[in-house]
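The next block holds one structure in the form of structure tokens; read it before the comments.
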Amino acid sequence: MEQHPVYKDNREFIKALESYGELVTVQQEVDWDLEMGAIVRRVCEKRSAAPYFKKIKDYPGFEALGAPLATYRRLAIAMGMDPNTSIPAISEEYVKRTTGTPILPVVVDRKKAPCKENILTGDQADLLKLPGPMVHDGDGGRYLCTWHFVVARDPDTGAVNWGMYRQMVFDEKTMVGPVLAFSDMGKMFYGKYVPKNKPMPFATVIGCDPMSGVAACAPSPIPEDQFTGMLMGKPVELVKCETCDLEVPAHAEIIIEGEVIPNLWIEEAPFGEYTGYRTSPREPRTVYRIKTITHRNSPIMTISNMGIPTDEGQLLRSFSLGLEMRRLLESQGMPITGVYMLPESTHHVVVVGVRPAYSNIASQIANLIFGSKSSPWLHMVIVVDDQTDIYNKDEIIHALATKCHPLRGIRKYEHAAATPLYPFADPEDRRWSRGTQVLFDCTFPLHWPKSDVPIKVSFNNVYPKEVQDKVLKNWKNYGFKD
Amino acid sequence: MAQKEYDTFILKELDLVPEDQEIEMIVRELNPPDRRYKYRSIYVLAKISKSESKYPDRLWVRLGKGQLQEKPWSIALIKELNKFV
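If you read the protein sequences in the order shown, they are chains A and B. Final position of the first sequence in my numbering is 578; the numbers increase by one with none missing. Final position of the second sequence in my numbering is 132; the numbers increase by one with none missing.
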């Protein structure tokens, strides 16, 4: 069981952020119409502390937390670790916790569920009575749900899915958003409910504990409610919904229940997306009709602001996607030294370190990654050798520029499934979620004679150890301050 | 009564937008009496004009990626349509 701090809800996490100096409490009233979004955007771009908005114009009684997990420091805090923990160490801890037996959730009585403190039905269940922000100027609507997750259940297997599917408020009772056909919920809804013309019950969870949010971002085959338990080291507490048989985190701030409507589409977007652009067109998308809203007293919204890096979508998707790729490659016995997905690449680029044990190993790695279910979300695999630090951007760029042959080192994978959000994609390819992927093989060929293999010229590589030790020992004596 | 303001997203060439005909479209309310309802979307049957003064209410136009056009058009709402029945 857990040996680290566990935050059962967003409120405990807010206190932890504050204790580590990772929170700015904004007492001044802020406007939900662009101002709040602009603050969160600037926070993401400056890697500032998370803003905790205490007063929101037009919405007394509501509060909001912005950019809750937009940095590795805040991810470390969320996981109960020291904020200065390195990325590799956070990764190891994540893999350790999420390997082994899943931890089943427990269902608690509704009296023990703060999310039931207020239950709104009928006309009172009104999406516009929640302070959904206008996140960016030019967005297609108010995005109530940017850091949240949607709960749905497979009608055949009973499997539960938690996933982050953005939701735009259309009117009092309607939300709309993209549910891509290759996503977990897309396979469920478009594969199983729509052919039977059946609405799919859903519950949107806003203001969850941090580990539930991390789990909802993770592309793991383990159901997210169990994955959350693994991350926490103890079962997550759930409670039954009011209008359907779904269960939601009992300590969440706001729950929106309703149905996803088959064979009905409404225009959604544009929206400032995680790629750092407004890319996907305004077009008919999946419709959510709501029945009930439940919320805690003085509910605290959570807001992410997608744009140029780094926001929590980019950071956490990169983090968990990369580690899922690592699991995949390790399961196939690939001699990798690590996998890192650059958040700055908006999870489009994954770097794999490998001991080049045999020829064309990079191709085998790319084939596995591009054959996985998460592959539509990325299109570049960079394979480097075990002498390259996969977490060091300078070393990655150097390897790419010097070891990747412009002809035989670059291999294209055409006719791939792809997110329609790629800014570089042709409009027709976006419409049909089609794309191309590419491998950059930054390993020197094994068949080269040893005397032909270039030698890396670095302090660590071309000086005898005794010389390195002497220089390091005398560094300050030479007059250097660093 | 104060002039009502709406906006809409035009996804085709602006020259191809039919003026002075009844058309179905989605508009967003920009100055509702209760500010919490700003940006509420509605399906409407309406007539529009590129002239700012032809119809009683103001219509701001955005392109498909959200780009706001400099000059507003005008709109006359004929009725609200309920697409969810």
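Where is the CB? At the ideal position from N, CA and C, for every residue including glycine.
Chain-order list of residues whose beta-carbon lies under 8 angstroms from that of residue i (same chain, five-residue window excluded)
i	result
S98 of chain B	W120, S121
Y116 of chain A	R169, I173, P179
T539 of chain A	V450, P452, I457, A458, V479, V480, D481, K499
V120 of chain A	S144, A145, A146, P147, Y148
S416 of chain A	Y190, V310, C313, A314, P315, S316
Under 8 angstroms between C-beta atoms of residue i and residue j
i	j	result
A579 of chain A	F323 of chain A	There is simply no residue 579 of chain A to check, as chain A begins at 97 and stops at 578 in what is shown.
P345 of chain A	L334 of chain A	yes
G325 of chain A	P210 of chain A	no
A145 of chain A	T388 of chain A	no
C241 of chain A	G403 of chain A	no
C340 of chain A	E349 of chain A	no
K130 of chain B	Y90 of chain B	yes
Y438 of chain A	V448 of chain A	The amino acid at residue 438 of chain A is misidentified as Tyr; the sequence shows Leu. Contact: no.
H100 of chain A	G303 of chain A	no
V563 of chain A	H475 of chain A	no
F278 of chain A	P472 of chain A	yes
Residue i in three-state terms, based on DSSP
i	result
D494 of chain A	Correcting the residue identity first, residue 494 of chain A is His in this sequence and not Asp. In the structure shown, H494 of chain A sits in a helix (DSSP, three-state: H, G or I).
V332 of chain A	coil
K225 of chain A	helix
W35 of chain B	Because chain B spans 48 through 132 in this model, residue 35 of chain B falls outside it and cannot be assessed.
F415 of chain A	helix
T324 of chain A	helix
D104 of chain B	strand
N180 of chain A	coil
D280 of chain A	helix
A514 of chain A	coil
F109 of chain A	helix
W528 of chain A	coil
D522 of chain A	coil
Q220 of chain A	helix
M260 of chain A	coil
D565 of chain A	helix
Any C-beta of chain A under 8 angstroms from that of residue i
i	result
Q114 of chain B	yes
R83 of chain B	yes
R109 of chain B	yes
Close Cβ partners of residue i (< 6 angstroms) along its chain, the five nearest in sequence each way excluded
i	result
R526 of chain A	P516
P519 of chain A	T371, Y373, T375
W107 of chain B	D54, P119
C-beta neighbour in chain B for residue i, strict 8 angstroms
i	result
P366 of chain A	yes
K225 of chain A	yes
R378 of chain A	yes
D252 of chain A	no
R381 of chain A	no
T270 of chain A	yes
R374 of chain A	yes
D525 of chain A	no
D178 of chain A	no
R262 of chain A	no
R385 of chain A	yes
D41 of chain A	Because chain A is modelled from 97 through 578, residue 41 of chain A falls outside the range shown and cannot be assessed.
Cutoff 7 angstroms; reference residue i; Cβ partners in own chain excluding five residues on either side
i	result
M281 of chain A	V246, A248, N257, G259, Y261, V275
E380 of chain A	What sits at residue 380 of chain A in the sequence shown is Pro, not Glu. Excluding residues within five positions, the ones whose Cβ falls inside 7 angstroms are W361, I362, E363.
P358 of chain A	Y289, V290, N293, K294, P295
E369 of chain A	T375, S376, M402, L517
Contact set between residue i and chain E, taken where Cβ atoms lie within less than 7 angstroms
i	result
F266 of chain A	Judged by its chain identifiers, the structure shown contains no chain E, and its protein chains are A and B.
Residue i Cβ short of 7 angstroms to the ligand ZN heavy atom set
i	result
T498 of chain A	The ligand ZN is not among the ligands present in this structure, which contains no ligands whatsoever.
Which of the residues in the region 48-73 of chain B, read from start to end, lie with their CB under 8 angstroms from any CB of chain A? Result list: F56, L58, I73.
Can you pull out the residues from the region 87-99 of chain B whose beta carbon lies closer than 8 angstroms to at least one beta carbon of chain A? R87, S88, I89
Short-range partners of chain B found in the region 230-245 of chain A, where Cβ spacing is below 7 angstroms: Cβ contacts with chain B come from M230, G234, D235, G236, G237, R238.
At a CB distance below 8 angstroms, what residues from the region 406-430 of chain A approach chain B? Give them in sequence order. none
At a CB distance below 7 angstroms, what residues from the region 343-372 of chain A approach chain B? Give them in sequence order. If you check each beta-carbon in the region 343-372 of chain A against every beta-carbon of chain B, the ones closer than 7 angstroms belong to E363, P366.
Interfacial residues, the region 120-150 of chain A to chain B, with Cβ spacing under 8 angstroms: Only those residues of the region 120-150 of chain A whose C-beta falls short of 8 angstroms from the nearest C-beta of chain B are listed: D129.
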